[in-house]
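Quick note on numbering: the sequence shown equals residues 3 to 603 in our numbering.
Just so you know, even glycine gets a beta-carbon here, dropped at the ideal spot from N, CA and C.
All figures in this text were calculated on a predicted structure; none of them were measured in a lab.
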Amino acid sequence: MDYRVPGAVSNGETIPAHPGMEKQKEEEENQTLERGHWNNKLEYLLSVAGEIIGLGNVWRFPYLCYKNGGGAFFIPYLIFLFTCGIPVFVLETALGQYTSQGGITAWRKLCPLFEGIGYASQVIVVLLNFYYIIVLAWALFYLFSSFTIDLPWGSCDHEWNTENCVEFQKANASLNVTTENATSPVIEFWERRVLKISAGIEHLGSLRWELALCLLLAWVICYFCIWKGVKSTGKVVYFTATFPYLMLVVLLIRGISLPGAMQGVLFYLYPDLTRLMDPQVWMDAGTQIFFSYAICLGCLTALGNSIVQGPPTLTVPIFLPDGTSFVAGFAIFSILGFMAQEQGVPISEVAESGPGLAFIAYPRAVVMLPFSPLWACCFFLMVVLLGLDSQFVCVESLVTAVVDMYPTIFRKQNRRETLILLVSILSCLVGLVMLTEGGMYIFQLFDYYAASGMCLLFVAIFETLCIGWVYGADRFYDNIEDMIGYRPWPIIKYCWLFITPAVCMATFLFSLIKYTPLTYNKKYVYPWWGDTLGWLLGLSSMVCIPLWIVYKLSMIKGSLRERFRQLVCPDEDLPFSLRAGQPLPSTRPGLLMLTELESHC
Numbered sequence: 003m004d005y006r007v008p009g010a011v012s013n014g015e016t017i018p019a020h021p022g023m024e025k026q027k028e029e030e031e032n033q034t035l036e037r038g039h040w041n042n043k044l045e046y047l048l049s050v051a052g053e054i055i056g057l058g059n060v061w062r063f064p065y066l067c068y069k070n071g072g073g074a075f076f077i078p079y080l081i082f083l084f085t086c087g088i089p090v091f092v093l094e095t096a097l098g099q100y101t102s103q104g105g106i107t108a109w110r111k112l113c114p115l116f117e118g119i120g121y122a123s124q125v126i127v128v129l130l131n132f133y134y135i136i137v138l139a140w141a142l143f144y145l146f147s148s149f150t151i152d153l154p155w156g157s158c159d160h161e162w163n164t165e166n167c168v169e170f171q172k173a174n175a176s177l178n179v180t181t182e183n184a185t186s187p188v189i190e191f192w193e194r195r196v197l198k199i200s201a202g203i204e205h206l207g208s209l210r211w212e213l214a215l216c217l218l219l220a221w222v223i224c225y226f227c228i229w230k231g232v233k234s235t236g237k238v239v240y241f242t243a244t245f246p247y248l249m250l251v252v253l254l255i256r257g258i259s260l261p262g263a264m265q266g267v268l269f270y271l272y273p274d275l276t277r278l279m280d281p282q283v284w285m286d287a288g289t290q291i292f293f294s295y296a297i298c299l300g301c302l303t304a305l306g307n308s309i310v311q312g313p314p315t316l317t318v319p320i321f322l323p324d325g326t327s328f329v330a331g332f333a334i335f336s337i338l339g340f341m342a343q344e345q346g347v348p349i350s351e352v353a354e355s356g357p358g359l360a361f362i363a364y365p366r367a368v369v370m371l372p373f374s375p376l377w378a379c380c381f382f383l384m385v386v387l388l389g390l391d392s393q394f395v396c397v398e399s400l401v402t403a404v405v406d407m408y409p410t411i412f413r414k415q416n417r418r419e420t421l422i423l424l425v426s427i428l429s430c431l432v433g434l435v436m437l438t439e440g441g442m443y444i445f446q447l448f449d450y451y452a453a454s455g456m457c458l459l460f461v462a463i464f465e466t467l468c469i470g471w472v473y474g475a476d477r478f479y480d481n482i483e484d485m486i487g488y489r490p491w492p493i494i495k496y497c498w499l500f501i502t503p504a505v506c507m508a509t510f511l512f513s514l515i516k517y518t519p520l521t522y523n524k525k526y527v528y529p530w531w532g533d534t535l536g537w538l539l540g541l542s543s544m545v546c547i548p549l550w551i552v553y554k555l556s557m558i559k560g561s562l563r564e565r566f567r568q569l570v571c572p573d574e575d576l577p578f579s580l581r582a583g584q585p586l587p588s589t590r591p592g593l594l595m596l597t598e599l600e601s602h603c
């Protein structure tokens, strides 16, 4: 859409103006209304890669593997990949490119009745912004702790260590290494030095000021990565999206060279098919796919809306997250095998600490490397960069959605930067509660409920129903062909129509039926009000869709049929693909504005 304001005219003649004033006025107008665009295709691809390759590939995927039957987990994972992950990924990327709008206004223009999808996604993003960056704060704490000659989690001679601490790499079979109460210095550093974890959510305790400063630093870095929009983001991703792979390869090589590594790899690949009967395994697979591809969050839509004439949506490396997760799994399980052999326990009992897996298994491997402080710095820098990519894209998604909703307010000089600053400050303040001594329990609540698989599945159901049945899968395919020059794989259309909503609905219902309350480390049980708070976090996003449908229907007069017909019509400003008859003049080749054609809504 052309936002340029034509010059003032009087009686058909342009009113002359002072050249300096005219130039200044034009600059002000451009500052007010111009949308940022990617400088080239590579910046866009790296930004998408940085978003879809995140911390989940490093610590969440391996954790879910050994939790859900090792290699058996690949079966539901691949099923979700091809039936849900790729189809919804293509849908959201194409939606942003076609509408050139953020996560809310894109649905408003395409189908006003389902604008609630955008609100639901952004509520999830808001909650993600609160807790996802906490992992970066932990990683920064480890990074700063690595600037020493001897790593603090490599020995048991520190004030936070207990009498049960055993340096397993120095022990031999004659020592009492298999004592039930024996712990490693890595685990004690994590729980007693970093977290100083309390007995439960009822005891939040005091704020961990060291972690609070790390959180502040993480938000400062995030802010300056995106404060100029895609112009600054496009430059940052050249480093943040590529460097982590170098360190992952280094950790993989070192991991498979450790004694006991093969047992870990076998545990990783050997399938326990009995676990497939547990609906939670399928739920975890679906959640991981949705997180890996950042779908149902509005992030892909926000990235795609800054594309001018491409790039083709399907040229994005859509299999990159799976390859990264697979390789990271080898690195993790080789290290788990080594740790299990050293401690004399089954692999399944090693590092049972959920999100803390990256802060136990990987640091343990780093200790075994020559010049361990150097490798520790590189590793935790990799963790920070992995999380930073995903974090600032989530913030960018939220800011883009707000700016596109109120362009006359925020598309003015410095106002967008101010909005990003306000979002960063608010999110940082809310995140402080997760950096108290009981903050880990709050973090787990957010991770289990706020951005849970149920929330993402619920949004995906309505996204595919809206595109496949309300807007029309064939019509959307026509729009994609006009943008990229060819039609995507036909199977994707049938996924939108039948497979994806059916699979998501079945998994959603199973997750409700087999719901189990949250526990921490399989030991601590949350109180009833903790679970209630978690459900409120989860429902806060899901209720947006039905409430918006009811609200819009109640605001329009006419019969129910007439109101539905009016609310499912796409915006007239959207380009319309003409596939029959003589082409009419349009601003984009092969595209017509809806106002130039008869609407059949």
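In the structure shown, the three-state DSSP call for Leu209 is strand. Here Ile463 is not near Leu299, since their CB atoms are 8 Å or more apart. Taking C-beta atoms as the reference points, Cys167 and Glu190 count as a pair closer than 8 Å.
Taken atom to atom, the span from the alpha-carbon of Thr303 to that of Cys67 is near 30 Å. Runs of beta strand (DSSP E) with 3 or more residues, each lying fully within the region 457–536, are absent. Bridge pairing for Cys167: Thr185 [DSSP].
If you draw a straight line from the Cα of Tyr496 to the Cα of Asp280, it is about 28 Å long. DSSP, reduced to helix, strand and coil, places Thr402 within a helical segment of the structure shown. Ala201 sits exposed, since fewer than 16 C-beta atoms from the chains shown fall within 10 Å of its C-beta. When the alpha-carbon of Glu574 is set against those of Tyr443, Leu458, Ser426, Cys113, the nearest one is in Cys113.
Your pair Cys224 and Phe394 checks out as a contact, with CB atoms roughly 5 Å apart and the cut at 8 Å. Between the alpha carbons of Val472 and Ile493 lies a distance of about 19 Å. Listed as beta-bridge partners of Thr438 by DSSP are Leu209. Of the candidates Leu535, Ala96, Pro375, Ile55, Ala96 places its Cα closest to the Cα of Asp480.
Fewer than three pairs of CB atoms, one per stretch, sit closer than 8 Å, so the region 261–278 makes no contact with the region 406–421.
DSSP, read as helix, strand or coil, puts Pro577 in strand. Ala108 is the residue among Ala108, Phe91, Pro89, Phe321 whose C-alpha sits nearest the C-alpha of Gly98. A direct Cα-Cα distance of roughly 20 Å separates Thr438 from Lys525. Look at Pro572 here: in three-state DSSP terms it is coil, with no helix or strand label.
Going by C-alpha positions, Phe332 is about 10 Å away from Val60. Inter-segment contact for the region 280–297 and the region 67–76 is present: three or more beta-carbon pairs are separated by less than 8 Å. The region 261–269 makes no contact with the region 360–375; the number of CB pairs closer than 8 Å stays below 3. Under DSSP, Pro273 shares a beta bridge with Gly72. Assignment of Tyr144 by DSSP, reduced to helix, strand and coil, places it in the helix class. Distance from the Cα of Ala342 is smallest, within the candidate group Leu217, Trp530, Gln265, for Gln265. Gly202 sits in coil when the DSSP states are folded into three classes, being neither helix nor strand. When secondary structure is reduced to three states using DSSP, Gln103 falls in the coil class, being assigned neither helix nor strand. Only exposed fits Gly346, as fewer than 16 other CB atoms lie within 10 angstroms of its CB.
Of the candidates Val128, Pro246, Ile349, the residue whose Cα lies closest to the Cα of Cys379 is Pro246. Residue burial annotation: Phe91 is buried, with at least 16 other C-beta atoms found within 10 angstroms of its C-beta.
As the crow flies, the alpha-carbon of Ile469 is around 18 Å from that of Ala296. Annotated three-state conformation of Thr289 is helix, per DSSP.
A contact is defined here as three or more CB-CB pairs under 8 Å, and the region 536–544 meets this definition with respect to the region 116–126.
The Cβ atoms of Phe292 and Cys216 lie no closer than 8 Å to each other.
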